[in-house]
Each structure stands twice: as structure tokens, then as C-alpha cells.
Amino acid sequence: MALFGRKKRDTSQVVSLDAVDRNRMPKHVAIIMDGNGRWAKSRGLPRIEGHRQGANSVEEALTACGELGIPFLTLYCFSNENWKRPKDELDFLMGLLKTYLINQTKRLIDNGVRLLVIGRRDGLGKEVLDVMEQAIEKCKGGTKQTLVLAINYGARQEIVDAVKAIAKDVASGELKPDSICEQTISEHLYTAGMPDPDLLIRTSGELRISNFLLWQISYSEIWITPKAWPEFGKPELYEAVAEYVKRDRRFGGLA
Numbered sequence: 000m001a002l003f004g005r006k007k008r009d010t011s012q013v014v015s016l017d018a019v020d021r022n023r024m025p026k027h028v029a030i031i032m033d034g035n036g037r038w039a040k041s042r043g044l045p046r047i048e049g050h051r052q053g054a055n056s057v058e059e060a061l062t063a064c065g066e067l068g069i070p071f072l073t074l075y076c077f078s079n080e081n082w083k084r085p086k087d088e089l090d091f092l093m094g095l096l097k098t099y100l101i102n103q104t105k106r107l108i109d110n111g112v113r114l115l116v117i118g119r120r121d122g123l124g125k126e127v128l129d130v131m132e133q134a135i136e137k138c139k140g141g142t143k144q145t146l147v148l149a150i151n152y153g154a155r156q157e158i159v160d161a162v163k164a165i166a167k168d169v170a171s172g173e174l175k176p177d178s179i180c181e182q183t184i185s186e187h188l189y190t191a192g193m194p195d196p197d198l199l200i201r202t203s204g205e206l207r208i209s210n211f212l213l214w215q216i217s218y219s220e221i222w223i224t225p226k227a228w229p230e231f232g233k234p235e236l237y238e239a240v241a242e243y244v245k246r247d248r249r250f251g252g253l254a
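Start counting the sequence shown at 0; every next residue gets the next number (numbering that gives the first Met the number 0).
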């Protein structure tokens, strides 16, 4: 879990993408923000300090996407499985979320950023939900970028919810079973109306998907960095995009 901060970082090593054909840029970048706790532990700090320091990386990632003209950024903030963590850490994460939503909404509005939240609402406290819905409503006019926060999210749960919704449409007669196709499923996911991620980034070197956007990333390019999320900044995002634009995306076809 990581939210906006203000710590400045060295951006002297940012890869230049000036000569890149803008049509090759990803339209949607999704990030599994991993390694906050391990980063803190390696420095003899409490886990919550890792989340606090990781906050700076969110601002850098969103800013970098804006500079590159990438309209969608989705961040895996809090999974269904994260409820297994200690209560004091959960309380801190929910407090950090509320603080961001309260303090950063105006900044998002001023920068033309639309805010969306995907995931199940049940399990989140009323205070968090109220602040979340207010922030989403206030930012709904943003047209330059869309920041998607995956909170209390799990891809398998998302697919289950989509199947249930489709089943209801079939039962009511609104949908014929024979007409169900891939597009039908996409339209019933939390991400309905968004393009699928072109680029999936994972920090901290782990080689797994962790139940994140399983349907949507079927053809995403994957880029993994050994750096933990608190170490991730603008140079790393530029590096990931630079690698992405070099790849030949064939979608199952021939070169």
C-alpha cells in the first residue's frame, strides 16, 4: 500500500523517450507495488515506515505517466489477502488511505486526474468508504489522466462477481446464453470501459501475478524490477516504458 508523498528524488538517470513514436506508448500501465515491508525490515525500520516511504513513488509514477501521455495508471494498493496482516498495520493502511483521499483530492482535480477505485467495498470501514466516494465524485471531471486504485481487490473475486452479474442478466431475460462472449465478460468486470493494461510492472523482484487483473493482463507486457516500491521512481518507470516500446507485440500472430 502506498500513497502520495513529497520526497524529491534524483531524476538525472531518466531514460530519454523524446525520439519514441508516441503511438507505441502504452495507454495503460498497471503496477504491483511490492516490497514496502521488506524494504523497511532491511533498514531496521517498522513495516509501516515502508508504506510511508512508498508513498513517494505513487506521485512519481503518476507524474511520469502524465509526462509520457499515458492516460491510465492502475495501482495494486490492497488485496483481499492483505486482511490477514496484523491489525495495527491494517489500521495504519486504512488511515493512510483516508489521509491521501482527504489531502490529495484537490491536487488530482487541479491536474485533471480522474480517480477510480476497483475492488469490493464490503470490509472497508464507513469512514473510508465515505471519503472514497466523495473523492471519486469530486474527481469525476478529470480528462487528462485516470488513476485507478485497486483496494480490497482480487482478480478471482472480480471474475466471480462478473459471472454472478451475467447470470442475473440471463435469469432476467436481458441476456441470451449463446450471446455471451469475451466482450460480455469484460463489460461486467470492475474495469469495464477501460483499456486493458499494455504494461504490467512489478517491483521487488517477485515473479508472480498475485491475483491481479488476471483477465485484463492476458496480453500485457511484463517488466519486473528488483527494486522495492519505496525505491521506485520516475527513472524506473521511464526505463520500463523504454523497454516496452522495444518489444514486438504480436498477440499470438507471426512476426
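In this text, a Cβ means the ideal position worked out from N, Cα and C, and glycines have one as well. Owing to the predicted nature of the structure, the values given are computational and were not obtained by experimental measurement.
query: Run through DSSP, which three-state label would Ile47 get?
result: Locating residue 47 in the sequence shown gives position 48, where the first residue counts as 1. In this structure, Ile47 counts as helix in the three-state DSSP scheme.
- prompt: In chain order, which beta strand (DSSP E) runs of at least 3 residues are fully inside the stretch 155-230?
  reply: 198-201, 220-223
Contacting residues, own chain, Cβ-Cβ under 7 Å from Asp168 (five flanking each side not counted): Along the sequence shown, one-based indexing puts residue 168 at 169. Contacts found: Leu174.
Closest by C-alpha distance to Glu220, when choosing among Arg46, Glu66, Lys245: Walking along the sequence shown from the start, residue 220 turns up at place 221. With distances taken between Cα atoms, Glu220 lies closest to Lys245.
- request: Name the residue from Ile158, Leu44, Asn22 whose alpha carbon lies nearest to the alpha carbon of Phe211.
  value: In the sequence shown, the residue the question calls residue 211 occupies position 212. Among Ile158, Leu44, Asn22, the Cα nearest to that of Phe211 belongs to Ile158.
task: Answer with buried or exposed for Val147, where buried requires no fewer than 16 other C-beta atoms within 10 angstroms of its C-beta.
output: Counting from 1 along the sequence shown, the entry for residue 147 is found at position 148. Result: buried.
task: Count the other C-beta atoms from every protein chain shown that fall within 10 angstroms of the C-beta of Thr142, then say buried if there are 16 or more, exposed otherwise.
output: Counted from its first residue, the sequence shown places residue 142 at position 143. With fewer than 16 other Cβ atoms within 10 Å, it is exposed.
message: I'd like the list of long-range same chain contacts for Ile223, defined as Cβ closer than 6 Å, with 5 residues on each side in sequence excluded.
response: As a first step, residue 223 must be located in the sequence shown, where it is residue number 224. Taken in chain order, the residues that qualify are Arg201.
query: Smallest Cα separation from Val13: which of Val130, Ala241, Arg248?
result: Here the question's residue 13 lines up with position 14 in the sequence shown. Here the closest residue by C-alpha is Ala241.
- prompt: According to the Cβ coordinates, are Ala134 and Leu114 closer than 8 Å?
  reply: Counting from 1 along the sequence shown, the entry for residue 134 is found at position 135. Counting from 1 along the sequence shown, the entry for residue 114 is found at position 115. Cβ distance < 8 Å, so Ala134 and Leu114 count as in contact.
- request: Label Gly36 either buried or exposed according to how many other C-beta atoms from any shown protein chain fall within 10 Å of its C-beta, with 16 as the threshold for buried.
  value: The sequence position of residue 36 within the sequence shown is 37, counting from 1. Buried: at least 16 other Cβ atoms inside 10 Å.
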